[in-house]
Every structure is written in structure tokens, then in C-alpha cells.
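S.K.: Structure incoming, see below.
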Amino acid sequence: MSTLPGLSDDELDHHDPAFVADPWPTYQHLRRDRPVSHSNRYGGFWLITRYDDIVAAAADWSRFTSAVPGTLLIPSGMQRSFAFLPLEYDPPEHTVYRQLVAPVFSPRRVNALTGEIRGLAEQLLDPLLAAGGGDLATAFAAPLTSGALALFIGLPDEDKSLWVDLVRRSFEGSVRDHEDAARAGAEFRDYIDGLIAARRENRSDDLISLLLDSEVEGRRLTEDQIRGFTMLVLVAGHETTAAALSYSLWHLARHPADLERLREDRALVPSAVEEFLRLSSPVSIFARNAASDTEFQGCPMSAGEVVGLSFSSANRDEDRFDAPETCRLDRRPNRHLAFGSGIHCCLGAQMARRELSVALDVVLDSGRSLALDGEVCRKGRGDALALASLPIRFH
């Protein structure tokens, strides 16, 4: 019987609380001894843990397809009949639709929002500074990223708590409360459909209006395609960035020398953001499906089997990174996989980087130091690194 977190009878349960709390020894063991491993948990899945293998699998979309709606996570958070566009398409459709939506994430749009994001960060941090501290996961990181996303997409500000809760329930519940996850998924779909219907009647300068007016090969996008892309942006753009920011602040609370170094040398902030992303990749495991019977690194895989790519493990691969467990604020090169690899690399990466850099700048501008002020709690999924609470005292 293995004593490594999450391993029992040589099978991985990545949602085991022990693994969620400390996955790194298990990942190190798997990279060394079982870089492509199989588990019968959650309907059965393969897990690839080495950097080079993950890059190879992610690039081989004809063998490891993403075009199976609802199987990106293990187990899935939402069972759907429609695809998250363009993530759950393979070429050539993927290429066409990614090019269609890429301008939504252009540097121009990101730059245009930077001032508003900074203003929101200051508005959220000021009362926490006045109070001497608070929960930076729930009172700073989460509302900052949801607020930035609402600005980016053009969602009603008063709806933030609604869709954030629906996304949380649909994914967290898929591990331990399937019925509530299904209800939340259905409610989330209804919410998005309501937004689409409203924009059909009254266009605005926002994402949904852009999608409604877009054409591919002379055809307007279908309702499923508009819904799928809007849901993807909300699902992928909030929790992940909030998680990355929470982990970054947690690191700075535990390593005050790094905080002071960044405060004194702001030019280091961009590279520090990359290092924080490497060490705490919010999307820890992303799934594909074997498109046909195949073999990978000597392991036979059957058509339809789920194949997980552990970006978190790849980002601590000893064969790729020198001293991978050590945080180096100026690490270069730093070709981490926090935003994925291959054709499905995250479209919103620049927006996420901007949010993280702005948020850290605002914290550094406060002139205050951070100290832990209670127990830090993680969320309960092992395929998505995220903090449920981060109690911090300012001094």
C-alpha cells in the first residue's frame, strides 16, 4: 500500500484530500516511475506527467482529441451536448473558430481595460488595508477577477455573484455532489441563454453582440456556438486567474524577502508572475480523449479513453527546470505550461497576466507586508489548484 498522497493500490485518486493538500511527492514519483499511468477511478483515465510527453500529446490532436464536449476535467463538471468553442473543436474547425474569436483577446482590448482593473483592485484592497487584513482569496482575488471578466465580456455587474456561484457549484460538485452540479450546470446554461436573448434584441459593445454578428464561411454562429464560447470564457477566465493570484499572494506572505524584492524592483513583476504560474498552475490536469486505439510511450490506450495531461507535474519536471521546487523570481527561460500547450493554448493568457501583474502592483504600492493570519484552505479538486481561503494580516 502506497503512502504517497492520492495513491492507493497503485491507483491515483487526484481528488483525495491528501493529494489536493500536497500533490508534489506523488507527481515526482509518477514522473520517475510511471510517467504514463492508469487509474480506474472516475470511470478510468490515463495520466501523463512528464513535460516532454505532455507537449507531444498536446500537439498530437489527431490521436488525443478535444472534440468530446464535457470531458475536459476528470470527472467532468458539466455534461453537455454542445462544445465549448473553440476549445472542444479539432482542426480544421478549431483553426477557423479560434481565428474568429482571437481579436476578442487582443492586446488593444487588454490595454484598454488596464486602468479599470487597477481601479477595481484598489477599491477592493483599500477596506482590507483599513481593517488590517482579511481573506484575500474571497475578498480580493475572486471579486477582482470576476469583476475584470465582467468588464471584459460586458456582463451586468449585479450578476457577478450569480454566475460565479453557478460555475463553482457545477465544478466542485461534480466530485462529491453530482445532483447539485447538474442543477448548477443547467442554471448556468439558462443564464447564458438569457443574456444571448437580451443581446439579440438590443446589441451592445460586448462579447455576445460580437458573436451574434460574426460569420464563418458566410454563416452566422449557431445558438450552441455562442453559448459554448460565452460559457468557456466565464468558466476558464475567473476561477483560474483568481487561483493564480491567491497562490501568488500566499507565496509572498510566506516569503517576505520576495515581497520586498518585488517592491524594490518592479521590473521583476512580469517574470515573477510567470514563476508563480509555473509553481501553482491553476489548471493542474486537463483531459483529452483517445481518438482511436493507440499506444503512447508503450502504454496501449483504447478509443474513447480519457487521457489527462498534468500541467502542474510538467511545470516541476526535473528534466526541464533547474531546481523546480524553488521559486526564482527572475527565472529565465521559463517555458511553463500553466496556459497549456499546442493548439489549445489559452486564448486569455495575456488578460490573465495583466490582471495578475496589476493586482501585485497594487499590493506592492500599499507599502504593507503580508503575514498569514489563520489556516489556509484549499478547494477540493485535484485537477484545479485553488484556495478556498487565504487569511492575511497586513503590517
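Sequential numbering of the sequence shown, starting at 59, is according to our numbering.
Here a beta-carbon is modelled for each residue, glycine too, at the ideal position from N, C-alpha and C.
None of the values given here were measured: they were computed from a predicted structure.
#1: Report the three-state DSSP secondary structure of Gly191 (helix, strand or coil).
#2: Along the chain, where does the beta strand (DSSP E) that runs through Thr196 open and close?
#3: Using 8 Å as the threshold, is the C-beta distance between Leu320 and Leu422 below it?
#4: Got a sec, what are the start and stop residues for the alpha helix (DSSP H) Pro328 sits in?
#5: Report the CB separation of Ala372 from Leu395 in whole angstroms; it is logged as a contact under 8 Å.
#6: How should Asn347 be labelled, buried or exposed, when 16 other C-beta atoms within 10 angstroms of its C-beta is the threshold for buried?
#7: So does the stretch 193 to 210 actually touch the stretch 446 to 453, counting three or more Cβ pairs closer than 8 Å?
#8: On the premise that Gly440 lies in contact with Gly205, defined as a C-beta separation below 8 Å, what is that separation, rounded to the nearest angstrom?
#9: Would Phe140 pass as a contact of Pro127 if the rule is Cβ separation under 8 Å?
#10: Decide if Met59 is buried, meaning its Cβ has at least 16 other Cβ atoms within 10 Å, or exposed.
#11: In chain order, what residues of the same chain have a beta carbon less than 7 Å from the beta carbon of Leu335, not counting five sequence neighbours either side?
#12: Answer with buried or exposed for Arg285, where buried requires no fewer than 16 other C-beta atoms within 10 angstroms of its C-beta.
#13: Is the separation between the beta-carbon of Gly243 and that of Ser228 shorter than 8 Å?
#14: Would you identify the three-state DSSP class for Pro314, choosing helix, strand or coil?
#15: Excluding the five sequence neighbours on either side, which residues of its own chain have a C-beta within less than 7 Å of the C-beta of Gly432, listed in chain order?
#16: Please say whether Leu88 and Thr61 have beta carbons closer to each other than 8 Å?
#17: Taking C-alpha atoms, which residue in Leu268, Leu292, Ile254 lies nearest to Asp282?
#18: Alpha carbon to alpha carbon, how far is Glu383 from Pro314?
#19: Would Ala429 and Ala311 be called neighbours here (beta carbons separated by less than 8 Å)?
#20: How big is the Cα-Cα spacing for Val78 and Arg234?
#21: Along the chain, where does the alpha helix (DSSP H) containing Gly252 start, and where does it finish?
#22: Is the beta carbon of Ala160 less than 8 Å from the beta carbon of Val416?
#23: Does Phe397 get closer than 8 Å to chain C when you measure Cβ to Cβ?
#24: By DSSP's criteria, Ser424 is part of a beta bridge. Which residues make up the other side?
#25: Mapping DSSP to helix, strand and coil, what is Pro391?
#26: With 16 other CB atoms within 10 Å as the buried threshold, where does Glu146 fall?
#27: Grab the span of the beta strand (DSSP E) containing Ser95 for me, first residue to last.
#28: Just mark Ala256 as buried or exposed, buried being the case when its beta carbon has 16 or more other beta carbons within 10 Å.
#29: Give every residue of the same chain whose Cβ lies closer than 8 Å to the Cβ of Tyr249, excluding the five residues on either side of it in the sequence, and list them in chain order.
#30: Where do the N-terminal and C-terminal ends of the beta strand (DSSP E) with Ile450 fall, by residue?
#31: Could you tell me the alpha carbon to alpha carbon distance between Leu182 and Leu202, rounded to whole angstroms?
#32: Ser339 and Leu105 - do their beta-carbons sit closer together than 8 Å?
#33: Tell me which residues share the same chain as Cys403 and place their Cβ nearer than 7 Å to its Cβ, disregarding the 5 neighbours each side in the sequence.
M.R.: The relevant details are as follows:
#1: strand
#2: It is not in any beta strand (DSSP E) - Thr196 carries neither H nor E in the DSSP assignment.
#3: yes
#4: 327 to 337
#5: 5 Å
#6: Burial call: buried.
#7: yes
#8: That belief does not hold up - the Cβ atoms of Gly205 and Gly440 are roughly 28 Å apart, past 8 Å.
#9: yes
#10: Annotation note: pLDDT 41 at Met59 (below 50); position unreliable, no value reported.
#11: The answer, listed in chain order, is Ala302, His394, Ala396.
#12: buried
#13: yes
#14: helix
#15: The residues Pro449, in chain order, have a CB closer than 7 Å to that of Gly432 in the same chain once the five nearest residues on each side in sequence are set aside.
#16: no
#17: Ile254
#18: 18 Å
#19: yes
#20: 14 Å
#21: 236 to 259
#22: Result no, Cβ atoms of Ala160 and Val416 do not sit closer than 8 Å.
#23: Given the protein chain composition of this structure (a single chain), no chain C is represented.
#24: Answer is none; Ser424 lacks a bridge partner.
#25: Three-state DSSP puts Pro391 in coil, outside helix and strand.
#26: buried
#27: 94 to 97
#28: exposed
#29: Asp217, Leu220, Trp221, Leu224
#30: 449 to 452
#31: Cα to Cα, Leu182 sits roughly 7 Å from Leu202.
#32: no
#33: Phe397
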